[in-house]
Structure formats: structure tokens, C-alpha cells
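Okay, structure first, notes after.
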Ligand SMILES: Nc1ncnc2c1ncn2[C@@H]1O[C@H](COP(=O)(O)OP(=O)(O)O)[C@@H](O)[C@H]1O
Ligand SMILES: [Mg+2]
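Chains as they are written, first to last, in this note's numbering: chain A, 1 to 744; chain B, 1001 to 1240; chain C, 2001 to 2079; chain D, 3001 to 3079.
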């Protein structure tokens, strides 16, 4: 074995992020000290980012099975059957740390990475979504990060040519030093043509395709697993630059090659590049691989095996092709002007052997690397919870003027119109976007069934209310699932399966670990109850700067199916005279609400929990109504409560007012107007359909209360027969539509 | 009568399938057909019309459309234009036709410096072209835009105006040409133009995205451009 | 040999990017910034040793591809 | 006074744009193009007459706004 580079010892291992006991485990496993190249390879494979060492014991409790599931966690993305021989392939992934250091490139390469995870499985990406978390709008870096991230997400997806159909943007102090950039991608495949990351077939050649390897991002994976400390901004690693054009060529070439029978296995080079790719492909297949690095296309001169194995240059794929078919593959790549080379072959040794010019630089058992480490880290319920769970409403003054308060709420950074963001994303390319961002809480893309021409729809909901998770990690995570479920049924989609991206602080702190464990328990329970198994996901830990962690943010991406896109409903009121009703509970709670935060600066109280028994009836009613095509509009009531929801329904394409009359309440007016709770919807329908709507609700055992009619140029609210509020549409539009531009 | 359209695919074209879908599926009952033409070909083959689709040919690197304008197939596209064949360049296609010299002027970075994707209105005017002559002059229609470099510039725009070569102009929902209705800063609110002989048309809005109302409820006014082309081909006699 | 190409917008052509940078500099407290124009700076690594020939070649490249002469001027320097 | 700023990508940082232009020049028949890197050329019109002070100011502007020092280098010239 060639020993080039610095001498390997426990100290050097520590610099690579391996704790001393981890280094010992490595030496014991190998029966010797590792070479420098081996140390590099192992350190990335055993990093939190690649090995999930702190999270794995918890993740394995998540439900991942169901008749609809074709491929669960373990592959590059999850695969779910949508009938007619078609499948959707999807996953969500974080790119938080790189985006904080270089927002444009960090976000762009995040989108690039998740798209590769999807098309690597044989699916053509047909929809993107992005969930973004920034610090306070007044924080000095927020505007810079926001501009860079949004441009980066947009430019990459736009150029690559996939519509970005939904997502969310939230501002909160806890993200001041750690923004979140979570990107979701969904692709469409034939259910019997799914490709997997397997290096099988002894003697089969291994092909490298795509961008040349440079020195960029070396140690990116270990960086993503380390807490930021003051001063680390100075030690910025080389930034990875995204090349969406190259990725588009890769996509087309790979899909073309997948039409043939040349391909045995394929995987994108994501975090930890060639290393994780070759190790994972060998480990899954139970085979081995031998690489000869001198054949890797290089961007720079004099690159060492260490650098080649650890580079995170973007837009690269590794694939195994049937022996004798390599020319067919190379021809396809040259048609698309892509660099490709045979860089090794499959063995049955169970080892990853790295050679350069005939010399061995690494000789490692694939299983040792892939299984990695596993910790059940100590947990402890954090004490802040004792403080925040109680809310004394007597200390909260009721608003004098509901109208003024509504305007203030509509202009709140977390509630206002986000067109500034999504208009920078092409949300219509590929002639399939049925519901665009801003039209409903879910995005919907059309999927045509090739034989019959039947037009199905796939709906995507993505987001998370981290405040709820902060106040109660278990219940808050259940609520996040229920909320995604509500988003889907509101457009008429039957929820199928889930992906997640679990963003938390430092897992070595028992309090954070407890939040994580509780959250995973909540996600699992809710997904089990709702039959939306988790088929893929990602964990991002160490979102913490100078000891301050983000609010625990288990981002949820949920996918649903619509049998016929003509059934789809959107949020906006459509016609004068339509009836407006609330489906589900009328009132909510101010505990943990956006109202309490925005108007009173408080984040406390316990949110109303998700209750399967009660809330699933509401979901069922919602689906039955859309299926029966009796609704003109539907929108779930989430942050901002009933009144913000109705205001948004007014401010749609048709721009219609509404006359509301609510029963006199015993409780507080602000609770009625702005309170929050799960499984509540605002629906509208024609007079003719009123009976059918009521029947559907009653049939499912869900409550439905008519609260008004669509019409006029203002939003009027009577409570118990008295006029409580009257706002012109223009005033609401001004508050809602003008806010983002003002603080961005 | 069957009318066959070629849709040119450059590396980085994204709206090629969208355009093909319009001719092959949405307009199939009108006798339209289409095929993809690969940029490395030297001939456009037997087609009655050409669509240069949107997307990011060559990543839009250097300038949008600049590299695609030099693709092997472009010589044949130029010959097709010279012979009077109808050509429409949509978004990136418009940028490519400008860079290739088939249309005048240049498309530069949006004044807001941001990519912008939304529905706009534009008014149809100017001389009759194959892609607009069935739409009554002065009518305004709704179509999406999705571009970062759509700000039209021309050193002598008055000449184009004088020759009635402005075919599409951004306007508001009521048809008024106002600066508020101009999404990207284009001179004189120009959204699309034609060449001196009128057979080559380029525009930034995406008519192919406004052909089926089910897609975002944005309307289907864009269909008018393609129907117009089918009619004008039918009237111009035999297929090429 | 190395060629350096400076691509600048022709004088009448609006430069929104330059304007935006100028405005931001003002907001950041830089006084005395009267105008900003943003162009491209292209470095081309060339084989060969004849600067005259290189200059001719690069000028052709600029006319053909690197600059859009409808809007842009360019200047070539050979190192 | 006029400041000229040359912003270039740090070596090792990928330049997809330069690569695409380089490849295209090759296809257009220009032989001997070994590499293309694309940067920015910024002209700043300044008040005042003190070139030393101007250079300091513009250097600050570059660090703060004009160059992205994570990925780019810059050079300032005062005319
Ligand atoms: N929170 C989670 N829930 C379910 N599955 C997960 C989760 N996190 C990771 N996984 C699964 O673990 C595997 C490894 O994920 P990841 O390392 O993010 O992929 P990649 O190598 O593409 O970056 C994937 O199959 C992913 O779906
Ligand atoms: Mg992967």
C-alpha cells in the first residue's frame, strides 16, 4: 500500500472529524492503521452526513411499507406506485451549510443534487419544491441570503427545466445563524424500469460520466456534519459551482441509456463523491469494486488519490454497465457531448480497492464503510419546555380593531404573498403544471397515462411549522404530517407517501437528541395512522451556531394522487353568490399561533394535537367533496387562522370579496379569527351544490358550518349579527402583496 | 391537410417537448404533426414550419442564445427562412433567432435583474404574420412569460415600428400599453417582432404554455398563434 | 499566450446591473460614485507564439461569438 | 476619475460558462484555444482627485459588494 501524504495517527484522524474511539474502531476493523487516502475515505463515510450515525436507530422505527411502496429508504430516492405501470420517485434533501456560506451556489447545487438522486433511479424529474428558512427579516444577513438562495434555487431548476410547483418560506430568529435550504424533487418512471445503485456482475466495467473532477468541496461532507464556530467563515472551503446545463445533458443521456439494457446499476456522486458512490454501490450488491483513478476525467493537474476520492465536484454519475456494452454507453454520452470513461470494474472481493497507475492507495471492506457507526445518544427533555408550555391568555389584550389586525397579519413575513420568491422559479415548464404556486397549498402536475390518455395528477405538499415542534416535538411533528395531509386533500389528492428532511441542532446535546427522537416518534405515529409511509428522507444535524440551535424543523414532503385533473380545486373564490363554509372545527387556539408571535411576540402554549379519530373524518369529507366535483374552492386553514385563510381566498385570480357572519362566541374574538388547529378548511360552492356538500360532510361525520357568501369588493364580517370588520379588497391586497418586496 | 412542424432540440432546450405536444396532441385533430430536429443535423428536412423552442440552450452561457446560434442546423434554418418558410422562436428561441441574425435586435437582462415567471397580457399588432394573422389586430391575449433575459433592445427601434414589425406588445388586462404592464423593461413594451419579410417571428411569452386551460387556469389564447400558422399554411398552397 | 478581452456595453445602452450596483454602493455609504458599468472580462489561453496572428484570431472570435456587436464593444489585448 | 475592476474566478473554481465558450470556439474551427475563463470588468466613475484614496475605497467596495470573495479575486486600477 502506498503511504503518501501526512502520517496517519489519532490526531490526524481527529482533524478529519473522527473521535479517538472511532479511530480505534477503524484500526481494529482493518487490523492495521489506515493509509492517508483510506483515512479520508473513512472519515467522510463515517461523518454524520453520510453515515446517519446519530439518527439511524431512530429512523428505523419509521413506517416505510405499504402496498403502494415500490422502494423505501435505502436507495437514492423512494418509489411509489401510482397505477397504470407508472411510479413516482421522490426525495427531499438539505443543503443548509453550503447555502449559508455561499447562498447562490449552495442552493443551486442543492437543487442539482436532489434532481440527480431522482433521475438516477430512472425517473424524469417533473416537479420541484423548496422549503426555505431564514433568520429574522431585520437580521443583517437575511436579505443577502434570501436573494442568493432564491436566485440559486431558481436559476438551477429553470435551466435544468423542471417546474418548481410549491414550497414555503419562513423567517424566524432561530435561523439567524443557520438557514435551511431543503429541496424536494419528484420524478416519473415506469414502475418496472426502476434503476438502483448496485455494483453487480463480476467483471462489469464501471463508468464515470459527467463533469470533470476538480478540487472543489473536498471535506464538504465533514463540514456539513460539524457545528459552526465563530471564525469558521474565514476558513471557507472551495465553493462547489453548479452547472445545470451539464446536469440537463446528464439527465437526457442517462434516460436515453436507460432505454437500452446496457445499464446494471447507477448512482449519482453526491456528498463525498466517488467515495460514497463506489462504497454504497458495492455494499448494496455485496460485491466489491476496483477503481483506477488515473482514468478519472480531471479538471486540474496533479490531483492525488485522496483528492479524487473526496472531491465533491457536481454533476457526475457512476454506473456499472454490462461487460461488452461499454461502447454503446460511451456513444450515448458522446452524442450529448459528455465526458465519460471506464474507471474500474466490479469484483467479488467485498472490498473497495483504489489504485492509481497500478499502485494501491486504499483497500477497504465495503461493509465496514457502509454500515458505519451507530450511536444511541443520550436524551433528556430540555427544560425550556417547562417554561413555554403555559400560556396565560389574560395577559394578552384582545385587539380593538379586527380589520387593522388582519391587515397587519396579512403583511407578516410568514403570512404575506410569496410571489417575489416563486416568480423567480419557472413553475410551468414541461406543460404539466395544473396548480401553480400561490394557487393552493399543494402544487399539482399532470401525469398522462400513455395508453388511455387519462390525465391523472400528482400533488405535492411540503413544509413544517417548526414552532409547533419547538413547543412539543412529538405533537408538533404529528401536526406537520397532518398539515401536509390537509394540503393534499384540499386540492383533491389522495395522500400516498411521505419524504422528510429532519433539520436539528447538535445531536451530542441530550436536549437536541430528545427533540429528534420525539419528533421521529411523532412522524412515525402520524404516518402510520394516515397510511402515508416514509419512503425517503434526509437528516441534517448540527444546525447550530455558537451554541444556539435552530427550532427543530422536520420538514415534510407528501405526495398524493388525483385520478382526474378535472377534479382539482384551488383556493380562490370563483364566483359571486357562492356559499362559503368551514369544514372541520370553527375555532382554533392562540397557543403557538402565528398571531401570538407576530402581534404579541410570544411563542408559547400547546397547539391543538392531531387526533386521528376526529380529524380523519374531516379529511375524508374533503376528499369526498372533491371527488364529487361539488366544490368551487378549498383551502386548508393553517398559520394565521380562519380570517387570514378567507382573505387569501378573496385575493385569488378572480379577486372577489365576501360577506361573513359568524355565530356569537363565548371565547375570544382573536381566537375565533386567528386561532389555529388541525384539519380545518374553507370551502366554497354554488347554491345548487350546497345540499351535496352538506350530505358529504354529514356522511363522513365531519362538521360543516356555512359562514357566508362570496361577493362584493370588500371582506365584511358580522359576528352575532353585529358588524365587526369591513375591509376593501384593495387594502388587503396592498398589505398581502406589498410586504415581501418591502423587507426583501 | 397534414402540416408538419420541426421543433429544434439544442442541448439545454426545455420546452421542445412542450411545443411538440401542442402540434402532435393538442392540434392533432387539425392535422398538425411534428418531430424533433437534432441540432447537429445539417438539414431541417421536409417540414412546413419550424419552431425554435424555449429553454436554456447551452445553459444560456455567455449570452442567451449566443452559442445555439452557431449550431450546425442553423444554416439550414436560415435557408428555410430565406425561402419564406414560417418560423417561430419562443423565449430562448427568440433569443437564438436574434443571435443568429434572423431577427433584429437583442434580448438583455430583465431590468429587475430577476428571472420572472407569471402570466402577462400582450396586444397583437403590426403586419400580418403566419403566426398572428388570424388574430384580429388590437386584440390582447394572456400568456405566461418565464425568462431572465427578455428586455428587448434595438438601436433603431423606430424603423421596426415604421415597418410594422412589432407583433406583440406587453399591455395590461384591459389592453392598455403601460409601463407598469412591461415586465422586463423592453423598449416600447416590445414582447415580439417579425423579420422584414414577416415569415420569421420571435416572442418572449410562451404561447405553447397557454393552449390548455386546465394548466393553471391561465386560458388557452396561445393556441391562436398555432392555429393561425396552420391556416396560413393551408392557404399558401402545397406543402413544401 | 494569453488574450484578454474586455467586453463593454455601447454607450447608449442601458445597464440595469451597473445601475443597481451603483445604487447599492450609495446605500452602503460610498459617496462620490457617479456611475457603474458592468462588462465582461474574458481570458483566453492560446497556443502559438505570434501575437499579431493571435490578435486577429481573437478579434474574429469576438465578432463571431464573444461579443454581441448590436449592443457591445470589445477590446483585445495579447499578453 | 475612473476605476477599473477586474473580477476573476479563483483558480480551481469551476467556470461552466468559460468551458462552454471554449468548446464552442473549438467547434467553430478556432484551433489552439486551450482554455477560456470569464470574469467581470467593472468601470466605476468617481468624484475626487486622489487616486490613492480612490483605490482604497474601490478595494473596500469590491470586498463588500462587487466581488464575491468566497469564489472570486479582483484587481483594481485607477485611471
Ligand atoms: N429521515 C429519513 N427518513 C427516511 N429515510 C431516510 C431519512 N434520512 C435518510 N433516509 C434514507 O437514507 C438513505 C441515505 O440518504 P442520503 O445520504 O441523504 O442520500 P445521498 O447519498 O443521496 O445523499 C436514503 O435512502 C434516504 O432515503
Ligand atoms: Mg444519492
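The beta-carbon is built from N, C-alpha and C at its ideal position, and this holds for glycine as well.
- Mind checking the stretch 2047-2072 of chain C against chain B and listing, in chain order, the residues whose C-beta falls within less than 8 angstroms of any C-beta there? Identification of residues in the stretch 2047-2072 of chain C having a C-beta nearer than 8 angstroms to some C-beta of chain B yields 2064, 2065, 2066, 2068, 2070 and 2071, given in sequence order.
- Where in the stretch 2-50 of chain A do unbroken runs of the alpha helix (DSSP H), each at least 4 residues long, occur, reported from the N-terminal end onward? The alpha helix (DSSP H) runs of length 4 or more contained entirely in the stretch 2-50 of chain A are, from start to end of the chain, 10-15, 20-30 and 36-45.
- Task: Flag this pair as yes or no: are the beta carbons of residue 522 of chain A and residue 593 of chain A separated by less than 8 angstroms?
- Result: No; because the gap between Cβ atoms is not below 8 angstroms, this pair is not in contact.
- Count the other CB atoms within 10 Å of the CB of residue 96 of chain A; is the residue buried (16 or more) or exposed (fewer)? By the neighbour-count criterion, in which a residue is buried when 16 or more other Cβ atoms sit within 10 angstroms of its Cβ, residue 96 of chain A is buried.
- Message: Strictly under 8 angstroms for the Cβ-Cβ distance: is residue 1025 of chain B near chain C by that measure?
- Response: Not an interface residue.
- Taking the beta strand (DSSP E) that residue 1136 of chain B falls in, what are its first and last residues? Counting along the chain, residue 1136 of chain B falls outside any beta strand (DSSP E), and DSSP gives it neither H nor E.
- Cα-Cα separation between residue 417 of chain A and residue 1060 of chain B, rounded to whole angstroms: Distance between the alpha carbons of residue 417 of chain A and residue 1060 of chain B: 30 angstroms.
- Item | Spatial distance of residue 1140 of chain B from residue 732 of chain A (CA atoms) | 28 angstroms
- Query: At which residue ranges does the stretch 1020-1060 of chain B contain complete beta strand (DSSP E) runs of 3 or more residues, listed in the order of the chain?
  - Reply: 1032-1038 and 1049-1052
- Message: Please state whether the Cβ-Cβ distance between residue 581 of chain A and residue 406 of chain A is less than 8 angstroms.
- Response: The answer is no: Cβ separation not under 8 angstroms.
- Is the stretch 167-175 of chain A in contact with the stretch 59-68 of chain A, if contact means three or more CB pairs nearer than 8 angstroms? no
- Query: Counting Cβ pairs, one atom from each stretch, are 3 or more of them under 8 angstroms apart for the stretch 386-404 of chain A and the stretch 152-165 of chain A?
  - Reply: no
- Distance between beta carbons of residue 215 of chain A and residue 300 of chain A, contact taken as under 8 angstroms: About 6 angstroms; that satisfies the 8 angstroms criterion.
- Query: residue 730 of chain A to residue 1189 of chain B, Cα distance in whole Å?
  - Reply: 26 angstroms
- Message: Looking at the secondary structure, which residues open and close the alpha helix (DSSP H) in which residue 1226 of chain B lies?
- Response: It spans 1223-1235 - the alpha helix (DSSP H) in which residue 1226 of chain B sits, taken as one unbroken run.
- Query: The beta strand (DSSP E) with residue 538 of chain A in it runs from where to where?
  - Reply: That run of the beta strand (DSSP E) goes 534-540.
- Where the alpha helix (DSSP H) through residue 357 of chain A begins and ends: Per DSSP, residue 357 of chain A lies in no alpha helix (DSSP H) segment and is marked neither H nor E.
- Count the C-beta pairs between the stretch 2027-2041 of chain C and the stretch 3014-3029 of chain D that are closer than 8 angstroms, then say yes if the count reaches three, no if not. The stretch 2027-2041 of chain C vs the stretch 3014-3029 of chain D: no contact.
- residue 3024 of chain D touches chain B at which residues, Cβ-Cβ below 7 angstroms? 1067 and 1070
- Helix, strand or coil at residue 107 of chain A according to DSSP, with G and I counted as helix: helix
- Is residue 540 of chain A buried or exposed, if buried means 16 or more other CB atoms sit within 10 Å of its CB? buried
- Candidates A:677, A:47, A:210 and A:246: closest to residue 3016 of chain D by CA position: The candidate whose alpha carbon is nearest that of residue 3016 of chain D is A:246.
- Query: Which residue's Cα is closest to the Cα of residue 263 of chain A: A:470, A:370, A:591 and A:324?
  - Reply: The shortest C-alpha separation from residue 263 of chain A is found at A:324.
- Query: Is residue 622 of chain A helix, strand or coil by DSSP?
  - Reply: helix
- Query: In whole angstroms, what is the alpha-carbon distance linking residue 269 of chain A and residue 2011 of chain C?
  - Reply: 46 angstroms
- Identify the continuous beta strand (DSSP E) that holds residue 511 of chain A and give its terminal residues. First-last for residue 511 of chain A: 510-530, but that is the alpha helix (DSSP H), not the beta strand (DSSP E).
- Task: Return no unless some Cβ of chain D is closer than 8 angstroms to the Cβ of residue 2032 of chain C.
- Result: yes
- Message: Closer than 8 angstroms between beta carbons: that is the criterion. Which residues of the stretch 1179-1195 of chain B meet it against chain C?
- Response: Among the residues of the stretch 1179-1195 of chain B, those with a Cβ less than 8 angstroms away from any Cβ of chain C are 1185, in the order of the chain.
- Query: Pick from A:552, A:518, A:620 and A:116: whose alpha carbon is nearest that of residue 699 of chain A?
  - Reply: A:620
- Task: Measuring only between beta-carbons, confirm whether residue 3028 of chain D sits less than 8 angstroms from chain A.
- Result: no
- Item | Residue(s) in a DSSP beta bridge with residue 658 of chain A | Here residue 658 of chain A is bridged, per DSSP, to A:710 and A:715.
- Message: If I follow the unbroken alpha helix (DSSP H) through residue 1114 of chain B, where does it start and stop?
- Response: Looking at the DSSP string, residue 1114 of chain B is not in any alpha helix (DSSP H), and its letter there is neither H nor E.
- Item | Test item: CB-CB of residue 444 of chain A and residue 562 of chain A under 8 angstroms | Contact: yes.
- Could you give the DSSP three-state label for residue 1177 of chain B: helix, strand or coil? coil
- Pairwise C-alpha distance: residue 458 of chain A and residue 3061 of chain D: If you take the alpha carbons of residue 3061 of chain D and residue 458 of chain A, they lie about 48 angstroms apart.
- Query: Any chance the stretch 103-117 of chain A sits against the stretch 178-195 of chain A, with 3 or more Cβ pairs inside 8 angstroms?
  - Reply: yes
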